[in-house]
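Participant: Below you will find the structure I want to go over with you.
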Amino acid sequence: MHEKRVALVTGANQGIGLQIAKELAARFTVYLGSRDLAKGEAAAKSLTGDVRAIQLDVTDQASIAAAAKRIRDEVGRLDVLVNNAAISNTTMREGDTVAAYAARTRASTISLDEVRAIWETNVFGALAVYQAVVPLLREAPEGRVVNVSSGVGSLTSNSDPSAPYRGIFGPGYSASKAAMNAMSVAMAIECEGTRIKVNACSPGFTKTNLNGYQGTDTVEQGASEAVRLAQIGPDGPSGTFSHATLGILPW
Ligand code: NAP
């Protein structure tokens, strides 16, 4: 029986995911997911603790199945899944601003290929990983799922005409995070009455590759709510959407 708690963080070779892996490594055996194994190995080497790079492309069912099998073979259970991997677009050009990209990708103009590619990673990828590892989460004394979502996916906020990011709400990234929130509710409802808790969080506008390092918060700030939700006790919530300093967010 593996003694340390075990966590899997997807898309953890850089950005917020890497920071989540770094902080969880103080207490957990961490499987550091990376679609490019070499990048994952380099990232794992930069951290302290029992950190194991694992090849995991969340859009590739064979990769997901192999990762789940490796975790079962090596440690036999999973205490925490952090669904962190995401992309913001596939067609942003060098020098593009968020506003220019948003203007090009309105509901009437965005290509369905772009929507499908974003949703494949951010929505179906997260659901596919959950489905593959849920049997391992059921083996843990207290399974936790943390879905790294975004405040820009809040349907309630974006229905308010004064919402600050309303102008960039489109069918791609923003709507994918609304869909991820819906998946979180579905997972939490499925897990009611079990030892597994499922919560979503928003990191806030964080300086990472996802936004061309335009974000204003540090990765430490961006990772903090996911790290907290990964470690909530049996009295902690399930089925919530929250931010480190803003508290509970509206779906
Ligand atoms: P990031 O630095 O771009 O990191 C994204 C990670 O996801 C990378 O490791 C990337 O791998 C990985 N990834 C992309 N597609 C993948 C796939 N098919 N399979 C596996 N991994 C894949 O972005 P970040 O800002 O840290 O984003 C982390 C999470 O925070 C995301 O869910 C994002 O939506 C959320 N978030 C970020 C902000 C922000 O302001 N940064 C705000 C709200 C929410 P590669 O290195 O191979 O590309």
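Be aware that the sequence shown starts at 13, since it is given in this note's numbering, and climbs by one per residue. Heads up, the beta-carbon is just placed ideally off N, CA and C, and yes, glycines get one too.
1. Excluding the 5 residues flanking Leu190 on each side, which residues of the same chain have their C-beta closer than 7 Å to its C-beta?
2. Can you tell me whether Phe136 sits near ligand 1, meaning its C-beta is under 7 Å from at least one heavy atom of the ligand?
3. Report the option in Gly251, Asp229, Asn221, Ser236 whose CA atom is closest to the CA atom of Met104.
4. Which one of Asn134, Met199, Gly216 has the shortest CA to CA distance from Val70?
5. If you count every other CB in all the chains shown that lies within 10 Å of the CB of Ala38, and 16 or more means buried, which is it?
6. Can you name, in chain order, every residue of its own chain whose Cβ lies under 8 Å from the Cβ of His14, other than the five neighbours on each side?
7. Cα separation between Thr22 and Asp108?
8. Check whether the segment 141 to 151 touches the segment 77 to 84, taking contact to mean three or more Cβ pairs, one atom from each stretch, closer than 8 Å.
9. Alpha carbon to alpha carbon, how far is Arg84 from Ala175?
10. Does DSSP classify Gly245 as helix, strand or coil?
11. Considering just the uninterrupted stretch of the beta strand (DSSP E) at Leu20, what are its terminal residues?
12. With a threshold of 16 other CB atoms inside 10 Å of the CB of Gln243, please say whether the residue is buried or exposed.
13. Suppose you measure from the CA of Ser214 to the CA of Ser100; what does that come to, to the nearest Å?
14. Indicate the three-state DSSP secondary structure (helix, strand or coil) for Asp229 in the structure shown.
15. For Gly52, which residues in the same chain have their Cβ closer than 6 Å to its Cβ, ignoring the five residues on either side in sequence?
16. Would you check if the distance between the CB atom of Gly234 and the CB atom of Gly259 is smaller than 8 Å?
17. State the CB to CB distance for the pair Phe253 and Ala212, rounded to an integer number of angstroms; the pair is presumed to be in contact (CB under 8 Å).
18. So, is Arg156 buried or exposed, given that buried needs 16 or more other C-beta atoms within 10 angstroms?
19. If you count every other CB in all the chains shown that lies within 10 Å of the CB of Ala112, and 16 or more means buried, which is it?
20. Taking Val197 as part of the alpha helix (DSSP H), name the residues at either end of that continuous run.
21. Alpha carbon to alpha carbon, how far is Gln73 from Arg116?
22. Can you tell me which of Ala238, Arg207, Ala33, Trp131 puts its alpha carbon nearest to the alpha carbon of Glu151?
23. Is it right to say Thr218 is buried, meaning 16 or more other beta carbons lie within 10 angstroms of its own, or is it exposed?
24. If I follow the unbroken alpha helix (DSSP H) through Gln67, where does it start and stop?
Facilitator: Well, looking at it:
1. Counted from its first residue, the sequence shown places residue 190 at position 178. Contrary to the premise, residue 190 reads as Ala rather than Leu in this sequence. Gly165, Leu167, listed in sequence order.
2. Taking the sequence shown and counting its residues from 1, one reaches residue 136 at position 124. No, ligand 1 has no heavy atom inside 7 Å of this Cβ.
3. Locating residue 104 in the sequence shown gives position 92, where the first residue counts as 1. Taking Met104 as reference, the option from Gly251, Asp229, Asn221, Ser236 with the minimal CA-CA separation is Asn221.
4. Walking along the sequence shown from the start, residue 70 turns up at place 58. Comparing Cα-Cα distances from Val70 to each of Asn134, Met199, Gly216, the minimum goes to Asn134.
5. Residue numbering aside, residue 38 sits at position 26 when the sequence shown is read from its first letter. Exposed, because fewer than 16 other Cβ atoms sit within 10 Å of the Cβ of Ala38.
6. As a first step, residue 14 must be located in the sequence shown, where it is residue number 2. Result list for His14: Thr41, Glu86, Val87, Gly88, Arg89, in chain order.
7. Within the sequence shown, numbered from 1, the residue matching residue 22 stands at position 10. Within the sequence shown, numbered from 1, the residue matching residue 108 stands at position 96. Straight-line measurement puts the Cα of Asp108 at about 27 Å from the Cα of Thr22.
8. Three or more beta-carbon pairs separated by less than 8 Å link the segment 141 to 151 to the segment 77 to 84, which places the two stretches in contact.
9. As a first step, residue 84 must be located in the sequence shown, where it is residue number 72. As a first step, residue 175 must be located in the sequence shown, where it is residue number 163. Taking the straight line from one Cα to the other gives about 44 Å.
10. Here residue 245 refers to the residue found at position 233 of the sequence shown. Shown here, Gly245 sits in coil according to DSSP, grouped into three states, outside any helix or strand.
11. If you number the sequence shown from 1, residue 20 lands on position 8. Leu20 -> beta strand (DSSP E) spans 17 to 21.
12. Working through the sequence shown from its first residue, we reach residue 243 at position 231. By the neighbour-count rule (16 or more Cβ atoms within 10 Å), Gln243 is buried.
13. In the sequence shown, the residue the question calls residue 214 occupies position 202. In the sequence shown, the residue the question calls residue 100 occupies position 88. Answer to the nearest angstrom: the Cα atoms are 15 Å apart.
14. Counting from one through the sequence shown, the residue named residue 229 turns up at place 217. Look at Asp229 here: in three-state DSSP terms it is strand.
15. As a first step, residue 52 must be located in the sequence shown, where it is residue number 40. Counting only Cβ-Cβ distances below 6 Å, and skipping sequence neighbours, we find Asn25, Leu44, Ser46, Ala65.
16. Position 222 of the sequence shown, counting from 1, holds the residue named residue 234. Position 247 of the sequence shown, counting from 1, holds the residue named residue 259. Taking 8 Å as the Cβ cut-off, Gly234 and Gly259 do not qualify as a contacting pair.
17. For this step, residue 253 is matched to residue 241 along the sequence shown. For this step, residue 212 is matched to residue 200 along the sequence shown. Between Phe253 and Ala212, the beta carbon gap of about 5 Å places them in contact (Cβ cut-off 8 Å).
18. On the sequence shown, position 144 is the one that residue 156 refers to. Buried, since its Cβ has 16 or more Cβ neighbours within 10 Å.
19. Within the sequence shown, numbered from 1, the residue matching residue 112 stands at position 100. Looking at its Cβ environment, which holds fewer than 16 other Cβ atoms inside 10 Å, Ala112 is exposed.
20. If you number the sequence shown from 1, residue 197 lands on position 185. Per DSSP, Val197 is one residue of the alpha helix (DSSP H) stretching across 185 to 203.
21. Start at 1 with the first residue of the sequence shown, and residue 73 comes out as number 61. Start at 1 with the first residue of the sequence shown, and residue 116 comes out as number 104. Whole-angstrom Cα-Cα distance: 31 Å.
22. Counting from 1 along the sequence shown, the entry for residue 151 is found at position 139. When only C-alpha atoms are compared, the closest one is Arg207.
23. Start at 1 with the first residue of the sequence shown, and residue 218 comes out as number 206. Taking every protein chain shown into account, the CB of Thr218 has 16 or more other CB atoms within 10 angstroms, so this residue is buried.
24. Translated into positions along the sequence shown, residue 67 becomes position 55. Taken as a continuous stretch (DSSP letters only), Gln67 belongs to no alpha helix (DSSP H), being part of the beta strand (DSSP E) at 63 to 67.
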